[in-house]
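Q: These protein sequences, in sequence, are chains A and B.
Numbering-wise (the working numbering), the first sequence opens with residue 1 and increments by one.
Numbering-wise (the working numbering), the second sequence opens with residue 1001 and increments by one.
Can you read through this structure? Questions will come right after.
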Amino acid sequence: GAVVSQHPSWVICKSGTSVKIECRSLDFQATTMFWYRQFPKQSLMLMATSNEGSKATYEQGVEKDKFLINHASLTLSTLTVTSAHPEDSSFYICSASGEGATGRYEQYFGPGTRLTVT
Amino acid sequence: RKEVEQDPGPFNVPEGATVAFNCTYSNSASQSFFWYRQDCRKEPKLLMSVYSSGNEDGRFTAQLNRASQYISLLIRDSKLSDSATYLCVVEGGSYIPTFGRGTSLIVHP
C-alpha cells in the first residue's frame, strides 16, 4: 500500500509557540488529506478536510485561525498549531486519500505526531 | 446520538476465544464501512472493508446489516497479537470518514 509520512513524530514545545506538522504521501497523489486529533482513550476526531489547491474545510468547533492547514501540492499538507497551549497536547494524525493503483478510492494514515505543550 | 457508536470495552478474552464487536451508525445514507485496528500510540491501520454480502479474511469476519444500521467484526481463535483497539469507520457519499471511539480488546494467555 501507499506510504504516508508525518514529521515530526514527537514534539514538545512551550506554551505560546507555534508548531508545524508535515504530512507527505510518498508514492501516492492525494487529492484529499484529512487531519485528525486523538486524545487519550478517545476516538479520532476529524479536524479538517483539505483538497489540493483550495482552502481547508474545518469541522465545527475547530478554530481555523488556530489550526492553519496548507495543502499546496498533491503530496504535501501541513498543519500549524498556532500559539499552542497545554490543552492542544494530543496525537495528530493525517491521512491521504485518492485513487490508488487498483482504481478504487483508498485512504492511508500517517504515523501520527504526538504534541506535548508545556 | 453519536454518528458511530461502539462499546469501548475492554473485552478481556483468553487465547483461542471467539470475540465479536458491534458498531451502530446513524446515517442511513452511509455507503462504505471499514474496520481499522489501532495499536497503542500508533496510527490506525485498515483491517478490512465491510461489504453488504459480508466478507471473511482468515480469522476475521465482517458483516453489514443495513436495515438495522450496524456492522460487526468477529475474531476467531484469538491470538495475543490481536490485542488492540478496533475502530469502526463509516463513510458517506463525500468519502469523509467518521470513526467510532473504538473497542479495546485484550487477549490474555
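Where a beta carbon is used, it is the ideal one built from N, C-alpha and C, also for glycine.
Taking B/Arg1076 as the query, report the chain A residues whose CB atoms sit under 8 Å from its CB, ordered along the chain.
A: Taking the first residue of the second sequence as position 1, residue 1076 of chain B is located at position 76. Result: empty, since nearest Cβ-Cβ is about 25 Å, beyond 8 Å.
Q: Tell me, please, whether the region 32–43 of chain A touches the region 80–93 of chain A by the rule of three or more beta-carbon pairs shorter than 8 Å.
A: At 8 Å Cβ cutoff, the stretches touch.
Q: If you draw a straight line from the C-alpha of B/Ala1029 to the C-alpha of A/Lys20, how long is it?
A: As a working mapping, residue 1029 of chain B is identified with position 29 in the second sequence. As a working mapping, residue 20 of chain A is identified with position 20 in the first sequence. Looking at the two C-alpha atoms, the distance is approximately 36 Å.
Q: Are B/Arg1076 and B/Gln1006 touching if we call contact CB-CB under 7 Å?
A: Position 76 of the second sequence holds residue 1076 of chain B. Position 6 of the second sequence holds residue 1006 of chain B. No, the pair does not count as a contact, with Cβ atoms beyond the cut-off.
Q: Going by C-alpha to C-alpha distance, which of B/Thr1103, B/Gly1058, B/Glu1091 sits closest to B/Asn1027?
A: Within the second sequence, the letter at position 27 stands for residue 1027 of chain B. Measuring from the Cα of B/Asn1027, the nearest candidate turns out to be B/Glu1091.
Q: Give the DSSP-derived three-state secondary structure of B/Ser1030 in the structure shown.
A: Residue 1030 of chain B sits at position 30 when you count from the first residue of the second sequence. In the structure shown, B/Ser1030 sits in coil (DSSP, three-state: anything other than H, G, I, E or B).
Q: At a Cβ threshold of 7 Å, is A/Leu26 touching chain B?
A: Position 26 of the first sequence, counted from the first residue, corresponds to residue 26 of chain A. No - not a single Cβ of chain B is within 7 Å of the one on A/Leu26.
Q: DSSP three-state label for B/Leu1047, please.
A: The sequence position of residue 1047 of chain B within the second sequence is 47, counting from 1. Strand, per DSSP.
Q: Just to confirm my understanding: we take A/Thr118, look at its own chain, exclude 5 residues before and 5 after, and list those with CB closer than 8 Å. What are they?
A: Position 118 of the first sequence, counted from the first residue, corresponds to residue 118 of chain A. Once the five neighbours on either side are set aside, the close Cβ partners of A/Thr118 are Ile12, Cys13, Lys14, Ser15, Pro86.
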